[in-house]
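Okay, structure first, notes after.
2 protein chains.
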Amino acid sequence: MNIGAAAQASGVSAKMIRHYEAIGLLPPPARRDNSYRDYGEPEVHELRFIGRARKLGFSMAEIGALLALWRDRGRPSREVRQLAVRHLADLEQRIAELRGMAATLAQLVECCHGDARPDCPILDELGGAPR
Amino acid sequence: MNIGAAAQASGVSAKMIRHYEAIGLLPPPARRDNSYRDYGEPEVHELRFIGRARKLGFSMAEIGALLALWRDRGRPSREVRQLAVRHLADLEQRIAELRGMAATLAQLVECCHGDARPDCPILDELGGAPR
DNA sequence: GTTGAGCTTCCCATGATGGGAAGATTTAGC
DNA sequence: GCTAAATCTTCCCATCATGGGAAGCTCAAC
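The listed protein sequences correspond, in order, to chains A and B.
Oh and the first sequence: position 114 is 114 in the working numbering, straight run, nothing missing.
The working numbering runs 131 ahead of the 1-based position in the second sequence.
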């Protein structure tokens, strides 16, 4: 299977497949005589794994660890869970940060009449005196 | 005021002040005889503005627009509000995405016993058959 | 007057993704 | 069988905001 077909089958772009290989996340695949990369079902399976983990927001480093655990038939599920719990906390923190921003901004937006007049609580807040 | 003092006074690092200048967000400041950048209160004021806008998650491009509106005494508040509303929608979308990830992950974490045994719903989900 | 702190510019790195060029090869249409 | 289009290869560059660090100049303090 060429890289294009593997991309199609896994939902990971060819560009990204090469990239994951370049950063060592994936082992170099077999090559055909024409130097084209050659993938089989197991490789596509790993690619799909990576794609799913990305969709859950895991970083490349975390995915590397997850892949290693996945390949290790005897891994303790504790390690997987710990990794996931840490990532979950990270997600929650990012959500909290964004929510803080959104809350402040929503309040400002609500106070701004938003017409042709120049006075604007949003700019006042941004340019206001140091608190 | 040297760049270090301006950084101190505004809460924006010297590194970032130079960067904002380099990308054209800020006009080149006055220079002393020793070629040191020289800042006054107005410049520090703008830097604080930028810092606050960053804390609300605005992009550099958006901050450029906000700065232009701020400098324009006759701007219609409508434009400021529109910009803020758009950014707010962007924030909400990012929050929704992260929440989706967190919800899925939380569910998986809950299902994983997380002990010495190797079976793990988290890895099962990531490596499962295409849905 | 030496030393340490602060300033200058310039280059490089991050993390995940993509665009695009130049060149080789395969595939499809006729 | 020939030509054109698609696909592959590698390599470089861009994003976005931030920072690290080097090499060299300048300033302040003791």
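Ideal Cβ placement from N, Cα and C applies to all residues, glycine included.
Values in this document were obtained by computation on a predicted structure and should not be read as measured data.
Asked: Determine the chain A residues that contact A137(B) at a beta-carbon separation under 7 Å, and present them in chain order.; Found: Result: empty, since nearest Cβ-Cβ is about 14 Å, beyond 7 Å.
Asked: Excluding five sequence neighbours on each side, which residues of the same chain lie with their C-beta closer than 7 Å to the C-beta of A121(A)?; Found: The question names Ala, but residue 121(A) is Pro in the sequence shown. For P121(A), where only same-chain residues beyond five positions count, the Cβ hits under 7 Å are L108, C111 and C112.
Asked: Determine the direct distance from the alpha carbon of Y39(A) to that of A5(A), and round the result to whole angstroms.; Found: 9 Å
Asked: Quick one, which of V211(B), W201(B), S166(B) and D246(B) has its alpha-carbon nearest L105(A)'s?; Found: V211(B)
Asked: What are the start and end residues of the alpha helix (DSSP H) that includes F180(B)?; Found: E172 to K186
Asked: Please decide whether R78(A) counts as near chain B, where near means a Cβ-Cβ distance under 8 Å.; Found: yes
Asked: Which residues of chain B have a Cβ atom closer than 7 Å to the Cβ of D33(A), listed in chain order?; Found: Going along chain B, no residue has its Cβ under 7 Å from D33(A), so there is no contact; the nearest lies around 31 Å.
Asked: I want to see whether chain A comes within less than 8 Å of V240(B), judged by CB atoms only; does it?; Found: yes
Asked: Can you confirm whether the segment 200-218 of chain B touches the segment 155-175 of chain B when touching is taken to mean that 3 or more C-beta pairs between the two stretches lie within less than 8 Å?; Found: no
Asked: I'd like the span of the alpha helix (DSSP H) that includes M16(A), first residue to last.; Found: A14 to A22
Asked: Using a Cβ-Cβ cutoff of 8 Å, what residues of the segment 214-230 of chain B are near chain A? List them in chain order.; Found: A215, V216, H218, L219, L222, E223, R225, I226, L229 and R230
Asked: Does the pairing of the segment 211-231 of chain B with the segment 91-105 of chain A give three or more beta-carbon distances under 8 Å?; Found: yes
Asked: Is R117(A) buried or exposed, if buried means 16 or more other CB atoms sit within 10 Å of its CB?; Found: exposed
Asked: Just verifying my parser: in three-state terms, what is the DSSP assignment at R99(A)?; Found: helix
Asked: Determine the direct distance from the alpha carbon of E193(B) to that of L187(B), and round the result to whole angstroms.; Found: 11 Å
Asked: Kindly list the residues whose CB is nearer than 8 Å to the CB of P29(A), restricted to its own chain and excluding five residues on each side of it in sequence; keep chain order.; Found: E21, R37, D38, Y39 and E43
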